[in-house]
Amino acid sequence: MSKISVVKCNDYSKAQDAVERAVELIGGISSFIKPGEKILIKPNLLAPRDPKEAVTTHPEIVRAVIKLVKKAKAIPIVGDSPGGSIRDIKNLWRITGMINVCDDEGAELIQFEAAGAQSIDIGDKNIRKVTFSKAVLDCDGIINIPKLKTHSLMSYTGGIKNFYGCIPGLLKVEYHKYTSKIRDFSTLLANIYKFLEPKIRFSLIDAVIAMDGTGPSGGNIKELDFIAASHDTAALDAYILNALNYNISKYYLFKKLKISKHDVSKFEIAGDNINDLIFSGFEFPRTRILDKLPKSLVIFLGKFLWIQPEINESVCRKCLVCGKSCPVKAIYINKFNFPSVDRSKCISCFCCHEMCPYKAIDFKKSLLAKLFIKDDRKKNTKKMQSN
Ligand code: SF4
Ligand code: SF4
Numbered sequence: 037m038s039k040i041s042v043v044k045c046n047d048y049s050k051a052q053d054a055v056e057r058a059v060e061l062i063g064g065i066s067s068f069i070k071p072g073e074k075i076l077i078k079p080n081l082l083a084p085r086d087p088k089e090a091v092t093t094h095p096e097i098v099r100a101v102i103k104l105v106k107k108a109k110a111i112p113i114v115g116d117s118p119g120g121s122i123r124d125i126k127n128l129w130r131i132t133g134m135i136n137v138c139d140d141e142g143a144e145l146i147q148f149e150a151a152g153a154q155s156i157d158i159g160d161k162n163i164r165k166v167t168f169s170k171a172v173l174d175c176d177g178i179i180n181i182p183k184l185k186t187h188s189l190m191s192y193t194g195g196i197k198n199f200y201g202c203i204p205g206l207l208k209v210e211y212h213k214y215t216s217k218i219r220d221f222s223t224l225l226a227n228i229y230k231f232l233e234p235k236i237r238f239s240l241i242d243a244v245i246a247m248d249g250t251g252p253s254g255g256n257i258k259e260l261d262f263i264a265a266s267h268d269t270a271a272l273d274a275y276i277l278n279a280l281n282y283n284i285s286k287y288y289l290f291k292k293l294k295i296s297k298h299d300v301s302k303f304e305i306a307g308d309n310i311n312d313l314i315f316s317g318f319e320f321p322r323t324r325i326l327d328k329l330p331k332s333l334v335i336f337l338g339k340f341l342w343i344q345p346e347i348n349e350s351v352c353r354k355c356l357v358c359g360k361s362c363p364v365k366a367i368y369i370n371k372f373n374f375p376s377v378d379r380s381k382c383i384s385c386f387c388c389h390e391m392c393p394y395k396a397i398d399f400k401k402s403l404l405a406k407l408f409i410k411d412d413r414k415k416n417t418k419k420m421q422s423n
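For our numbering, add 36 to where a residue sits in the sequence shown, where the first one is 1.
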């Protein structure tokens with residue numbers, strides 16, 4: 037049976053105790069790693085953003101996990117591949133607090149792109165061979181420490197989605213070209229997870245401050261005040277999404293992994309009661325609603341039913357990160373010298389929205405789409421139900 041621990045933590049100054057307790061409740065660090073092993077600690081380092089912005093895993097969570105790995109006499113290595121076209125990794129490590137933490141604790145920080153790569157057939161129908169950083173392939177085990185956030189394409193990013201960062205550099209963007217449909221991208225994520233599963237020792241999710249709304253980089257900060265851990269990353273994600281009142285039976289990734297709402301009630305939960313920690317009004321992005329409509333209806337309504345990004349020129353700083361993050365080169369420079377989206381090319385993957393550092397990309401909906409999708413800015417005031 038899958039065991040999940042939930043531990044209240046309302047301040048990152050208490051992260052060490054909370055992380056230790058969460059890991060102890062699922063069996064203790066020595067049940068997951070052996071002395072001398074090289075353990076890759078994999079935070080979410082999406083972009084060079086201050087930890088207070090809730091875009092990346094907080095450095096105090098990283099510190100606590102490094103200390104646990106050292107306590108077990110194993111060798112901690114910290115690394116991730118950021119999203120899109122970010123090249124200055126040292127700047128990202130500095131802003132996200134990784135350099136300070138790794139210097140303090142004597143852990144190696146590894147750049148996935150510089151570690152080399154290997155392409156492997158993992159049985160995905162769209163990507164014949166998936167390329168992984170050798171930092172991932174060469175370690176003895178992985179401790180996955182994602183951030184709890186919403187995601188414009190996947191609705192949610194937590195444990196499983198965090199493994200997408202094991203693919204180095206712009207290949208992550210390139211794969212979106214072939215997996216722009218949510219079913220295809222979910223299938224790829226499921227295949228990556230199944231391939232890495234033998235190496236995954238446990239996942240521990242940072243939800244002390246999380247993100248809702250139009251995540252994973254431009255949403256709202258939410259203080260959820262907990263961390264949660266499990267050896268079973270898929271169970272951890274399903275449990276949290278269910279607690280956030282998301283209908284997980286409609287979540288295609290769980291269908292691929294054969295996890296149903298019924299399974300959630302069978303997980304063994306230790307520690308604090310998540311229902312005491314869950315809050316009202318957690319909002320998911322409504323960008324993928326079209327994927328939930330009957331396919332025949334979407335085909336019938338065709339070109340009248342779409343959601344695509346739109347650059348807000350009053351906020352845009354012309355940094356052009358969006359253009360570099362677009363897998364199909366659908367962003368061009370218009371006559372006013374601002375980036376603009378060519379709707380005929382756009383595949384609605386929302387990579388540009390994910391990578392824009394200034395929240396300058398909104399979602400534009402066709403008239404018909406507006407009928408199906410309520411305005412994102414209207415707050416969902418519905419009180420969360422206990423699950
Ligand atoms: S939309 Fe965002 S990413 Fe694109 S140029 Fe403007 S600020 Fe930069
Ligand atoms: S413009 Fe369209 S295709 Fe390009 S990154 Fe944005 S959503 Fe994806």
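No residue lacks a Cβ here, since even glycine has one placed at the ideal position from N, Cα and C.
Suppose the cutoff is 8 Å on Cβ atoms and the five residues either side in sequence are ignored; what does the same chain contact list for D308 look like? Excluding positions up to five away in sequence, the list reads V42, V43, K44, F262.
DSSP on H94, reduced to helix/strand/coil? In the structure shown, H94 sits in coil (DSSP, three-state: anything other than H, G, I, E or B).
Quick check on N373: does DSSP put it in helix, strand or coil? If DSSP states are grouped into helix, strand and coil, N373 belongs with coil.
Got a sec, what are the start and stop residues for the alpha helix (DSSP H) D312 sits in? It spans 310–313 - the alpha helix (DSSP H) in which D312 sits, taken as one unbroken run.
State the DSSP-derived secondary structure class of A264, mapped to helix, strand or coil. In the displayed model, A264 falls within a strand according to three-state DSSP.
For my contact list, K401 and I343 are in at a C-beta cut-off of 8 Å; report their separation, rounded to the angstrom. Yes, K401 and I343 are in contact; Cβ-Cβ is about 5 Å, under 8 Å.
Quick check on D268: buried or exposed, where buried means 16 or more other Cβ atoms within 10 Å of its Cβ? That one is buried.
Cβ of I383 versus every heavy atom of ligand 2: is any distance shorter than 7 Å? Result yes, Cβ under 7 Å from ligand 2.
Evaluate contact between the segment 273–292 and the segment 59–75, counting only Cβ atoms and requiring at least three cross-stretch pairs below 8 Å. The answer is no - the segment 59–75 does not touch the segment 273–292, with fewer than three Cβ pairs under 8 Å.
Contact set for N180: own chain, Cβ-Cβ below 8 Å, skip 5 residues either direction: Closer than 8 Å at Cβ, skipping near neighbours: K78, G195, N198, F199, I236, F238, S239, L240, T269.
What's the call for H212, buried or exposed, on a 16-neighbour Cβ count within 10 Å? Looking at its Cβ environment, which holds 16 or more other Cβ atoms inside 10 Å, H212 is buried.
Give me, in chain order, the residues of the same chain whose beta-carbon lies closer than 8 Å to that of K406; leave out the 5 immediate sequence neighbours on both sides. Hits under 8 Å: none found.
Per the DSSP calculation, N256 is bridged to which residue(s)? In the DSSP secondary-structure assignment, N256 is bridged to D248.
On a Cα-Cα basis, can you pick out the residue from D248, C385, S376 that is closest to A90? Closest by alpha carbon: D248.
Pick out every residue whose C-beta is nearer than 6 Å to a heavy atom of ligand 1: which are they, in chain order? Result (chain order): I347, C352, R353, K354, C355, L356, V357, C358, P375, C392, Y394, A396, I397.
Give every residue of the same chain whose Cβ lies closer than 7 Å to the Cβ of V351, excluding the five residues on either side of it in the sequence, and list them in chain order. So the list reads Y394, K395, A396, once near-sequence residues are dropped.
What's the gap between the Cα of I131 and the Cα of E346? Between the alpha carbons of I131 and E346 lies a distance of about 28 Å.
Simplified DSSP assignment, three categories, for V42: For V42, the secondary structure class from DSSP, reduced to helix, strand or coil, is strand.
T215: first and last residue of the uninterrupted beta strand (DSSP E) it sits in: Judged by DSSP secondary structure, T215 falls outside any beta strand (DSSP E); it is assigned neither H nor E.
What is the rounded straight-line gap between the Cα of T193 and the Cα of K183? Cα-Cα distance, rounded: 8 Å.
Specify whether the segment 355–372 and the segment 220–236 touch according to this definition: at least 3 beta carbon pairs, one from each stretch, less than 8 Å apart. Cβ pair count under 8 Å is below three, so no.
Helix, strand or coil: which one does DSSP assign to N127? Looking at N127 - three-state DSSP - the assignment turns out to be helix.
If you draw a straight line from the C-alpha of K106 to the C-alpha of K161, how long is it? Rounded to whole angstroms, the separation of the alpha carbons of K161 and K106 is 40 Å.
Count the other CB atoms, across all protein chains shown, that sit within 10 Å of the CB of M391; report buried if there are 16 or more and exposed otherwise. By the neighbour-count rule (16 or more Cβ atoms within 10 Å), M391 is buried.
Apply the 10 Å Cβ neighbour rule to K258 and answer buried if 16 or more other Cβ atoms are within range, or exposed otherwise. By the C-beta density criterion, K258 is buried, having at least 16 other C-beta atoms within 10 angstroms.
Examine ligand 2 and report whether any of its heavy atoms sits within less than 7 Å of the Cβ of Q52. Every heavy atom of ligand 2 is 7 Å or more from the Cβ of Q52, so no.
Does I367 pass the burial test, meaning 16 or more other C-beta atoms within 10 Å, or should it be called exposed? I367 counts as buried, since no fewer than 16 other beta carbons sit within 10 angstroms of its beta carbon.
Check this for me: beta carbons of T92 and R85, under 8 Å apart or not? Yes.
In chain order, what are the residue ranges of uninterrupted beta strand (DSSP E) at least 3 long that sit wholly in the segment 122–191? Qualifying beta strand (DSSP E) stretches, in chain order: 144–147, 153–156, 166–169, 177–181, 183–187.
If we count the other Cβ atoms within 10 Å of its Cβ and call it buried at 16 or more, is I314 buried or exposed? With 16 or more Cβ atoms within 10 Å of its Cβ, I314 is classed as buried.
Excluding the 5 residues flanking Q52 on each side, which residues of the same chain have their C-beta closer than 6 Å to its C-beta? Closer than 6 Å at the Cβ level, and outside the excluded window around Q52, lie A100.
With distances taken from CA atoms, which of R164, I158, A279 is nearest F231? Taking only the C-alpha atoms, the option nearest F231 is I158.
In this structure, how does DSSP classify G119 when only helix, strand and coil are distinguished? Coil.
How would you label N370, buried or exposed, when you count the other beta carbons within 10 angstroms and need 16 or more for buried? Its Cβ having fewer than 16 others within 10 Å, N370 is exposed.
Would I156 and Y214 qualify as a contact pair, given that the criterion is a beta-carbon distance under 8 Å? No, they are not a contact pair.
Starting from the C-beta of F318, find all residues in its chain whose C-beta is less than 6 Å away, skip the five residues before and the five after it, and write them out in chain order. Answer for F318: D248, L280, listed in chain order.
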